[in-house]
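Okay, structure first, notes after.
Numbering (this note's numbering), first residue to last: 901 to 1059.
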């Protein structure tokens, strides 16, 4: 059918997408291709937060057929993200609280809205040498840590 089932608070497909891009990053020393893969990873990881917030605010349906949020899940996520629901537009907004998630969103903001992602050095022997410009973060290590944190968040919110 071409449709991936998304269950209650389910971001596994988005996390698998991130795993795929991370695997490709680990095997690619070409600077341009590595930047493009990193951009895809950052966009997927940021989207996972949006999926999670959307799921939380559309967890239950009342007798009138209106969705309402899972307050327990919101509480569990409160040390990681802040979620705001706009009652007029029905849109859900995520603001990162966790320092690593703030960094993720900062890096992703640049590549999604401002400019090409800046990664140094331009020539590397292995992709593990690449760092985000203006940061001490090695791209692959940072990406692995983000993915581990997102896995942890999904487990916590589902328990």
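Where is the CB? At the ideal position from N, CA and C, for every residue including glycine.
Quick caveat: nothing in here was measured; it's all calculated off a predicted structure.
ask   = In the stretch 963-997, which residue ranges form an unbroken beta strand (DSSP E) of at least 3 residues, counting only runs that do not cross its ends?
value = 981-986 and 991-996
ask   = Does the distance from the CB of residue 926 to the CB of residue 1021 come in under 9 Å?
value = Sequence index remark: in the chain shown, residue 926 carries index 26 (1-based). Sequence index remark: in the chain shown, residue 1021 carries index 121 (1-based). The answer is no: Cβ separation not under 9 Å.
query = In three-state terms, what does DSSP make of residue 1019?
reply = Locating residue 1019 in the chain shown gives position 119, where the first residue counts as 1. Residue state, collapsed to three classes: strand.
ask   = Can you tell which of 999, 1012, 1031 and 1002 has its C-alpha closest to the C-alpha of residue 931?
value = As a working mapping, residue 931 is identified with position 31 in the chain shown. Cα-wise, what sits closest to residue 931 is 1031.
task = Throw me the rounded Cβ distance for the residue 945 and residue 1004 pair, which I believe falls under 8 Å.
result = One-based indexing of the chain shown puts residue 945 at position 45. One-based indexing of the chain shown puts residue 1004 at position 104. That belief holds up - the Cβ atoms of residue 945 and residue 1004 are roughly 6 Å apart, short of 8 Å.
ask   = Nearest-angstrom Cα distance between residue 923 and residue 929?
value = Numbered from 1 along the chain shown, position 23 holds the residue referred to as residue 923. Numbered from 1 along the chain shown, position 29 holds the residue referred to as residue 929. Roughly 12 Å between the two C-alpha positions.
query = For residue 1013, which of helix, strand or coil comes out of DSSP?
reply = Counting from 1 along the chain shown, the entry for residue 1013 is found at position 113. Here residue 1013 sits in helix by DSSP.
task = Locate the alpha helix (DSSP H) running through residue 1044, then write down its first and last residues.
result = Here residue 1044 refers to the residue found at position 144 when the chain shown is read from its first residue. Here the alpha helix (DSSP H) through residue 1044 covers 1039-1058.
query = Excluding the five sequence neighbours on either side, which residues of its own chain have a C-beta within less than 8 Å of the C-beta of residue 1057, listed in chain order?
reply = Along the chain shown, read from residue 1 onward, the residue named residue 1057 stands at position 157. Leaving aside the five residues that flank residue 1057 on each side, the residues in its chain whose CB is nearer than 8 Å to its CB run, in chain order, 909, 952, 956, 973, 976 and 977.
ask   = If you draw a straight line from the C-alpha of residue 1042 to the C-alpha of residue 911, how long is it?
value = Stepping through the chain shown from its first residue, residue 1042 is reached at position 142. Stepping through the chain shown from its first residue, residue 911 is reached at position 11. Cα to Cα, residue 1042 sits roughly 20 Å from residue 911.
key: Between the CA atoms of residue 913 and residue 902 - distance to the nearest angstrom   = Here residue 902 refers to the residue found at position 2 of the chain shown. Here residue 913 refers to the residue found at position 13 of the chain shown. Residue confidence is low: residue 902 scores 45 on pLDDT, short of 50, so the model does not pin down where it sits. Its coordinate-derived value is still stated next. So the two alpha carbons sit approximately 13 Å from each other.
Residue of 917, 934 and 994 minimising C-alpha distance to residue 1025 = For the purposes of this step, residue 1025 is identified with residue 125 of the chain shown, where counting begins at 1. The option with the nearest alpha carbon to residue 1025 is 934.
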